[in-house]
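*Asks:*
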């Protein structure tokens, strides 16, 4: 593991960053790491004048002089490094006494390294993806929890010592949030919402969480727009991007007439808070004539006690438009798990049209494709685990497929199962 440490007094750090931004304030910077589930990878253009504006606004809200910052950044490269530093200065990564310390590390999937940071109690704030938080949870359950009681207590106390623990990049599941809240004696995971184009936009502290997909409220300086109580979220932020490199049509399509950025995310407004409903192009799909909310089904799937890792995916089928496919990794003591067991166990919480009709169980040596930002690469996942022939038929022998040809003529005894189905 390569580590680079930069130790600077707070004022020196800011003055150097401000000088850099001033020198290039009329320039355009290319960020090579934007990814969209609909358009794929794109180059994002940001103006350094916005970076300068952000720096100046941040300087008035920096920590007290007796507090400094410890920053963990993966694979830094110029502009991305600066933005990462600013993001942590604004929303926190890790705070330690006396001096500003920026530590750049690539932890990979070595969860033990982060747990050691917790145990040392040098960390007070940290931001990780939900996938990484999940890996941290699993590492604790499978390794740390089996150590002597006094050693386990040291790790737990280190996790409790964190003043802020934040998840960003995707929505953490209820089970994940409950684990960390219980382990940290009531201190919840914060959920930070944003994108490469908009940067940080919304924050949910978890203290007054309305529902599992609660995104919370806008950060200072952020404007949100939503027509009615439910729809696509549009935002304006202090560091909103300028556009996509050499893709003017894509850029124009992502802004409305008032300059708000179209996030592509569906939300519902409830008492001033925004509730995430999923991606407009991927997280709501049709099974026959019924709309399936992917994230809601996935939340129920991952809550099953024998599921270690679970995903719900849309798989095309010309006979019913789209099937609900489940991709799961099982706990070692799960016993026999098949499609019928999963459907039966989910039937109390979900209507019939939302239940999975395809099951693929992950082997121990199989990994799920992800983007550079640790989000699920959904299209690649579907192509890898649910391959289809030229007639749109699934041909992987590891996949269990249910016959749905009689679904529209099915009968049900549960009123809420109907949703237009015949009884």
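Residue numbers (the UniProt record's numbering): 1 to 423.
Here a beta-carbon is modelled for each residue, glycine too, at the ideal position from N, C-alpha and C.
Mind checking residue 316: buried by the 16 CB within 10 Å criterion, or exposed?
*Replies:* So residue 316 ends up on the exposed side.
*Asks:* Does the ligand SAM have a heavy atom nearer than 7 Å to the CB of residue 179?
*Replies:* No copy of the ligand SAM appears in this structure; indeed no ligand is present at all.
*Asks:* Look at the alpha carbon of residue 118 and the alpha carbon of residue 186, and state the distance between them as a whole number of angstroms.
*Replies:* Roughly 17 Å separates the two Cα atoms.
*Asks:* Quick check on DSSP: helix, strand or coil for residue 364?
*Replies:* Coil.
*Asks:* For residue 162, which three-state DSSP category applies?
*Replies:* Of the three classes helix, strand and coil, the one that applies to residue 162 here is coil, per DSSP.
*Asks:* Residue 252 lies in the alpha helix (DSSP H); which residues open and close that run?
*Replies:* Taken as a continuous stretch (DSSP letters only), the alpha helix (DSSP H) holding residue 252 covers 248-253.
*Asks:* In the DSSP assignment, find the unbroken beta strand (DSSP E) run with residue 438 in it and report its ends.
*Replies:* Outside the shown range of the chain (1 to 423) lies residue 438, about which nothing can therefore be said.
*Asks:* Among residues of its own chain, excluding the 5 on either side of residue 204, which ones have a beta-carbon nearer than 7 Å to its beta-carbon?
*Replies:* Closer than 7 Å at Cβ, skipping near neighbours: 190, 191, 214, 215, 216.
*Asks:* For residue 97, which residues of its own chain have a beta-carbon under 6 Å away from its beta-carbon, when the five flanking residues on both sides are left out?
*Replies:* Any answer about residue 97 is weak, because its pLDDT of 35 lies below 50 and its placement is not dependable; what the coordinates show is given next. If we look at residue 97 and ignore the five residues flanking it on each side, it has no Cβ neighbours.
*Asks:* Can you pull the DSSP bridge partners for residue 268?
*Replies:* Its beta-bridge partners are 230, 275.
*Asks:* Which same chain residues, not among the five before or five after residue 401, have their C-beta less than 6 Å away from its C-beta?
*Replies:* Counting only Cβ-Cβ distances below 6 Å, and skipping sequence neighbours, we find 358, 394.
*Asks:* So, under 8 Å CB-CB, residue 196 and residue 221 are touching, yes? Tell me the CB distance rounded to an integer number of Å.
*Replies:* Actually they do not touch by this definition, with Cβ atoms about 18 Å apart.
*Asks:* What first and last residue would you give for the alpha helix (DSSP H) that runs through residue 178?
*Replies:* Where residue 178 is concerned, the enclosing alpha helix (DSSP H) stretches over 174-183.
*Asks:* From the DSSP output, in three-state form, read off residue 145 for me.
*Replies:* Reduced to three states, the DSSP call for residue 145 is helix.
*Asks:* What residues are listed by DSSP as bridge partners for residue 290?
*Replies:* Looking at the DSSP assignment, residue 290 forms a beta bridge with 287.
*Asks:* Determine, using beta-carbon pairs with one atom in the region 288-298 and one in the region 365-373, whether at least three such pairs fall under 8 Å.
*Replies:* No contact exists between the region 288-298 and the region 365-373.
*Asks:* Output the distance between the C-alpha atoms of residue 407 and residue 157, rounded to the nearest integer angstrom.
*Replies:* Cα to Cα, residue 407 sits roughly 52 Å from residue 157.
*Asks:* With the cut-off set at 8 Å, would you say residue 131 and residue 162 are in Cβ contact?
*Replies:* No.
*Asks:* Can you list the beta strand (DSSP E) stretches of 3 or more residues lying completely in the region 295-377, in chain order?
*Replies:* If we require 3 residues or more, the beta strand (DSSP E) runs fully inside the region 295-377 come out as 307-317, 321-330, 358-361.
*Asks:* Would DSSP call residue 169 helix, strand or coil?
*Replies:* Looking at residue 169 - three-state DSSP - the assignment turns out to be coil, as it is neither helix nor strand.
*Asks:* With C-beta atoms as the reference, is residue 133 less than 8 Å away from residue 172?
*Replies:* Against a cut-off of 8 Å, the Cβ pair of residue 172 and residue 133 comes out as a contact.
*Asks:* Does residue 147 pass the burial test, meaning 16 or more other C-beta atoms within 10 Å, or should it be called exposed?
*Replies:* That one is exposed.
*Asks:* For the alpha helix (DSSP H) holding residue 400, just list the boundary residues, first then last.
*Replies:* Not the alpha helix (DSSP H): residue 400 falls in the beta strand (DSSP E), residues 399-401.
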